[in-house]
Each structure stands twice: as C-alpha cells, then as structure tokens.
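First the structure, in the form of structure tokens, and then the observations on it.
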Ligand SMILES: Nc1ncnc2c1ncn2[C@@H]1O[C@H](COP(=O)(O)OP(=O)(O)OP(=O)(O)O)[C@@H](O)[C@H]1O
Ligand SMILES: [Mg+2]
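What follows is the structure in structure tokens.
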C-alpha cells in the first residue's frame, strides 16, 4: 500500500507557481531521491508530502500511523531560542506523548538511540545555536529518527556534511528502510542518487523523469531482525 499519493497536485506561493501537475506515489520500504536544480520545487514537494503545506491544486493523501517525520533543509537556530540537543531530539517524541505527560522510559531510550545513531550523544547538553552546521544537521536528523514514523522525509540531509557524518545518515536511512519506512529525500549528491531505489527529477516545478533503479550497493542484508517495525496504517491524515 502506498504511503503518500500526489494526484495532480500543485502548489502556488502568493507570487509564484512552485509545483504543478504532480502525480506520484511513494511506497513503504522504498528509498526515493528527489533531485533537480535550485528552485525546481524539491522543498515544496517535500513540504506537501509532510503535510506542512497543503496543495493549492489537486490532492496529496498520506497513509501513516502518525505524522511523517520531516527534516527540513539546513537552517540555523537563533541564540534567542534556548534549546539543547537533547531537548531538540526529545521533541521528536512529542507525537507519542499522551497529553502533556512527561516522556516515558521508552521515549528516553528512543531519544538516546537516535543520538547515538547520529553520533551526537556527547553534545546532548549543548545549545543548538552553538553547534556547527554539521552537528546541527545531525541533531535534526536524530529528531526525525526519534519520531519513529513510517514516513521519513529528508530535505538535503547530507549537504555540507563530512564523510563520517554522511555515512551515519546513510546507515540510518538503510536501517529505516529495513523497518519498512518510506524514505523520501532530496539531494544533489551523485553518490546518494546512485544508491536510491528510485530517482525523481524536477524541472521548473514539474516531474521531468521518474526512474526506478537497482541500487549501486544492493541491500542484500535486508532482514527483519531489527526491533521496532512499522505500526499499523490509517491513523493520521494531513
Ligand atoms: N516561501 C516562499 N515564497 C515564495 N516563493 C517561494 C517560497 N519558497 C520557495 N519559493 C519559490 O518556489 C520555487 C521552488 O522553490 P523550492 O524551495 O521548492 O526549490 P528547491 O528545488 O528546494 O531549491 P533548492 O535546491 O535551492 O533547495 C522557487 O522558484 C522559489 O523561489
Ligand atoms: Mg530546497
């Protein structure tokens, strides 16, 4: 069953049509890469898939147990917003909280695991505004992982990262795919494009190509041994 379906979807900002006539579906366990020139509409498409934007034409429907995890394109956190790395990753567990109850032991374990996966456990007490660009980016990805959604949307997550950090994100994406998560990622990185199951290219807000490919490094090690698994579907709509 598809996780995200675009039906003739488009999006217009007040002064500009950013996306038009997009009909696509994104499936569980599949790694889709979105590529295209600056301004071609990648971030807009991802925001529609995440439910952060609503289409101004057509429709976008999402089938998922909870809101998609959306890691936005690289940003900085202003000094006026005090927030530690741990607090930022804990925010990923907010959709799992009942009411305003504190995080449970399970939530804390998931947060700790997400920080480990991104190699930021030593930064837990640091302010976001004091992090380097790559540390900040890994924190946002850890927050996305902590959400344990069955849809993971990443907007240029590896841009500007060093080789080791890049590899941490690649490994995390592989693990999420093994759990059956639909991963939708925008990138300009040729190695990441080669590794994906599917490559969609945007040109001036339209899909110009949509190619399924055998990944350059086949995931022969896919197995069901990882804990977690994808929760049931149908409980959340944007
Ligand atoms: N908030 C906004 N208000 C008005 N226009 C916008 C806004 N955000 C994006 N646009 C415009 O919409 C179009 C698509 O932008 P989008 O950010 O989706 O492109 P992108 O492919 O993600 O680019 P990049 O590779 O630079 O991240 C561009 O023409 C851009 O100028
Ligand atoms: Mg973008």
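Numbering (our numbering), first residue to last: 5 to 242.
From the three backbone atoms N, C-alpha and C, an ideal C-beta is built for every residue, glycine too.
Quick check: the Cα distance between residue 101 and residue 149, rounded to an integer number of angstroms? Taking the chain shown and counting its residues from 1, one reaches residue 101 at position 97. Taking the chain shown and counting its residues from 1, one reaches residue 149 at position 145. C-alpha separation (whole angstroms): 16 Å.
What span of residues does the alpha helix (DSSP H) with residue 140 cover, start to end? Here residue 140 refers to the residue found at position 136 when the chain shown is read from its first residue. Residues 137-150.
Got a sec? Which residues, its chain only, sit under 8 Å from residue 145 by beta carbon, not counting five neighbours each side? Position 141 of the chain shown holds residue 145. Cβ neighbours of residue 145 beyond the five flanking positions: 75, 122, 158, 161, 173, 176.
Can you check DSSP and say which residues form a bridge with residue 23? The sequence position of residue 23 within the chain shown is 19, counting from 1. Answer is 15.
Using only CA atoms, which one of 216, 207, 66 lies nearest to residue 41? Within the chain shown, the letter at position 37 stands for residue 41. Residue 41 has its Cα closest to that of 207, out of 216, 207, 66.
Is DSSP giving residue 76 helix, strand or coil here? Looking up residue 76 in the chain shown gives position 72. Residue state, collapsed to three classes: coil.
Any contact between the region 57-70 and the region 14-24? By contact I mean 3 or more CB pairs, one from each, below 8 Å. yes
Are there 16 or more other CB atoms within 10 angstroms of the CB of residue 142, so buried, or fewer, so exposed? Within the chain shown, residue 142 is the residue found at index 138, counting from 1. So residue 142 ends up on the buried side.
Spatially closest choice to residue 71 from 98, 168, 125, 87, by CA coordinates: Stepping through the chain shown from its first residue, residue 71 is reached at position 67. Minimum Cα distance to residue 71 is reached at 98.
Going by the beta-carbon positions, is the gap between residue 138 and residue 105 smaller than 8 Å? For the purposes of this step, residue 138 is taken as residue 134 along the chain shown, with counting starting at 1. For the purposes of this step, residue 105 is taken as residue 101 along the chain shown, with counting starting at 1. In this structure, residue 105 does not lie closer than 8 Å to residue 138 by Cβ.
Could you tell me the boundaries of the alpha helix (DSSP H) in which residue 171 lies? The residue labelled residue 171 in the question sits at position 167 within the chain shown. Taken as a continuous stretch (DSSP letters only), the alpha helix (DSSP H) holding residue 171 covers 167-182.
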